[in-house]
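Asks:
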Amino acid sequence: MYYTIVNCSFAVILLVRCAGLRESWEYYNEIAGRYDYLYEEPYWRLFHVIVERLLADHVETLGEVLDIGTGTGRWALYLAEKGHRVIGVDLAEEML
1 MYYTIVNCSF
11 AVILLVRCAG
21 LRESWEYYNE
31 IAGRYDYLYE
41 EPYWRLFHVI
51 VERLLADHVE
61 TLGEVLDIGT
71 GTGRWALYLA
81 EKGHRVIGVD
91 LAEEML
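Per UniProt numbering, residue 1 is the first one in the sequence shown, and the count goes up by one each step.
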């Protein structure tokens, strides 16, 4: 078993157990520098438009958002710009 403890500045400890966690962590740390570039393809641009519309339609009141697996923070930043208080966490520190 592989356990990882992530200690966030807001004093929440997240304990994660996953068979492929180490491989996932290594993969995302490896591609972190080019992650956003990979998602600029037309398919992903359409996906982003759809997600933005879903968020606009279904997240009406301002509030607090915990973005687990925030990656490079694309959605955390989007929601923060809309006025939400957002905390993003990710196991792959290179993504942050």
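C-beta atoms are modelled at their ideal positions from N, C-alpha and C, and glycine is treated no differently.
If we ignore side chains and look at the alpha-carbon of each, how far apart do E60 and G83 end up?
Replies: Each residue's alpha carbon lies about 11 angstroms from the other.
Asks: For the beta strand (DSSP E) that V59 lies in, which residues bound it at each end?
Replies: From DSSP, V59 is part of no beta strand (DSSP E); its letter is neither H nor E.
Asks: On the three-state DSSP scale, how would you describe L79?
Replies: If DSSP states are grouped into helix, strand and coil, L79 belongs with the helices.
Asks: Hey, how far is the Cα of E40 from the Cα of V51?
Replies: About 15 angstroms.
Asks: Alpha carbon to alpha carbon, what distance is there between G69 and E26?
Replies: Taking the straight line from one Cα to the other gives about 14 angstroms.
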